[in-house]
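Participant: Just dropping this structure here.
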DNA sequence: GTCTATACACAGATAGAC
DNA sequence: GTCTATCTGTGTATAGAC
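Protein chains in written order, with our numbering: chain V, 1 to 235; chain G, 236 to 470.
The following block contains the structure:
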């Protein structure tokens, strides 16, 4: 799929799914949400999410006060509590929406390719482009996940393991078919994930060096293929 | 150097340098520290540092209250303020001690090897073993660095860039000598760093899978060499 | 050198007017 | 549906006893 070579496609997908997400949030947090008109809910919830991500990614979620959220959204503190029952609740919403979006979009991408080589390439590129479009969310989730309550922590650990398994399965398939060198597939998946994560965690670094997603993606693919195929030359 | 194959050597080094570190801390924070006896200072400062790292790595530095630090150290809140003038000050001390220890120890390791291949191997292993011994500090520094004041943030960014340049220089030397494939040396250094960081950031994952430092180090070296030398087979 | 008690600031959350 | 005003809990920091 040619669209994978840039992230426009992902960007559209993410924007379009915003309505669905809000409906889902409403379903799961009905008790807490006092807003009845869907249009108002969608508009303000998005404002709140964007503001919360912005503030949290600068100083941390715990350091984000309701007052600063009020300032950033332009809504009053009292008004904010019509959209969630408390900070914990907001956190849960934020994490949930991200997980759902990612799942929806990645599922559309899965198994578009057939051979292990192009599957691996697609998986790496898809992850990178998605994390580029939703960078604030990925960064937030990465940084805050491990300091949450037990339940949320577990969820994010499971998500991490699942992503790795996705890569590991592709690699194992390649090994079984004899196109990839036989090595520890889980460790290989881990280092791939580490490289993908570096893109959204250290974005300031790559921005400063003017490295684009496309270039980074190509580099990671080259690196992984060289390891899996033991080819040093460009393909 | 054979000692590099396990991290006992690093462990000893770190323990031995504790006294020096305290002397350095005392020098830079003289105004804030009200303790006169060196023995008391060293003992309690270490208690405080260990406790602060433990709490912060669970819930974040910002979420660590003086009350929780008091509980963890067994010291009273009033007593704690004899060792630093406030949370910000404690933070600065913590980061400083880590940077100094790392610098001292890594400098001893630099240029033990001569050819680019073994230099690269040594650099990777040294970083991994050091981060293993000082895991709480590395994790802390990684997680808290980006939400500090401007000055401290700058310092930790510089440290990150410097580490990358260390790797990049070795790789460039290898390219110039014709033993490494010519590629983007900075991007190569970045992905190496990403793999090394994954070790101390995702330690829970590797612990669960019973992957040892030694095994992880060997794997990363294999991965990097395969990319730089375009050899897929074991060396 | 270490403790207890407390000052003071600011956080999250809500009630009730509009 | 949104605002202002305010309650209550908890945070950092210090003064002064031991």
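Glycine included, each C-beta is placed from N, C-alpha and C at the ideal position.
1. Determine the extent of the alpha helix (DSSP H) in which residue 21(V) is found, giving its start and end residues.
2. Taking the straight line between their C-alpha atoms, what separation do you get for residue 19(V) and residue 359(G)?
3. Nearest to residue 451(G) by CA position, among 81(V), 149(V) and 189(V), is which residue?
4. Given this structure, state the Cα-to-Cα distance separating residue 318(G) from residue 68(V), to the nearest angstrom.
5. Using the beta-carbon of each residue, which ones in chain G are nearer than 8 Å to residue 184(V)?
6. Less than 8 Å separating the beta-carbons of residue 463(G) and residue 406(G)?
7. What residue does the alpha helix (DSSP H) around residue 333(G) start on, and which one ends it?
8. Under the rule that 16 or more other beta-carbon atoms within 10 Å means buried, what is residue 456(G), buried or exposed?
9. Over the uninterrupted alpha helix (DSSP H) stretch that includes residue 462(G), give me the two end residues.
10. Of the residues that make up the region 275 to 296 of chain G, which ones have a beta carbon closer than 8 Å to any beta carbon in chain V?
11. Residues of chain V with a CB under 7 Å from the CB of residue 458(G): which are they?
12. Among 13(V), 61(V) and 64(V), whose alpha-carbon lies nearest the alpha-carbon of residue 104(V)?
13. What is the rounded straight-line gap between the Cα of residue 8(V) and the Cα of residue 226(V)?
14. Can we say the region 147 to 155 of chain V touches the region 264 to 273 of chain G, given the rule of at least three CB pairs closer than 8 Å?
15. So that I know if they touch, is there some Cβ in chain G lying closer than 8 Å to that of residue 230(V)?
16. What separation, rounded to the nearest whole angstrom, lies between the Cα atoms of residue 63(V) and residue 40(V)?
17. So the candidates are 200(V), 205(V) and 218(V); which of them puts its Cα closest to the Cα of residue 132(V)?
18. Between the C-alpha atoms of residue 117(V) and residue 146(V), what's the straight-line distance to the nearest angstrom?
19. For residue 373(G), which residues in the same chain have their Cβ closer than 6 Å to its Cβ, ignoring the five residues on either side in sequence?
20. Would you say residue 187(V) reaches chain G, if we count a Cβ-Cβ gap shorter than 8 Å as a contact?
21. Any Cβ of chain V within less than 8 Å of the Cβ of residue 243(G)?
22. Do you know whose CA, among 177(V), 93(V) and 126(V), lies nearest residue 26(V)'s CA?
23. Can you tell me the Cα-Cα spacing of residue 174(V) and residue 393(G), whole angstroms?
Facilitator: So, from the data block:
1. 18 to 28
2. 47 Å
3. 189(V)
4. 32 Å
5. 454
6. yes
7. 322 to 344
8. buried
9. 448 to 464
10. 293, 294 and 295
11. 191 and 227
12. 13(V)
13. 28 Å
14. no
15. yes
16. 28 Å
17. 200(V)
18. 33 Å
19. 366 and 435
20. yes
21. no
22. 93(V)
23. 40 Å
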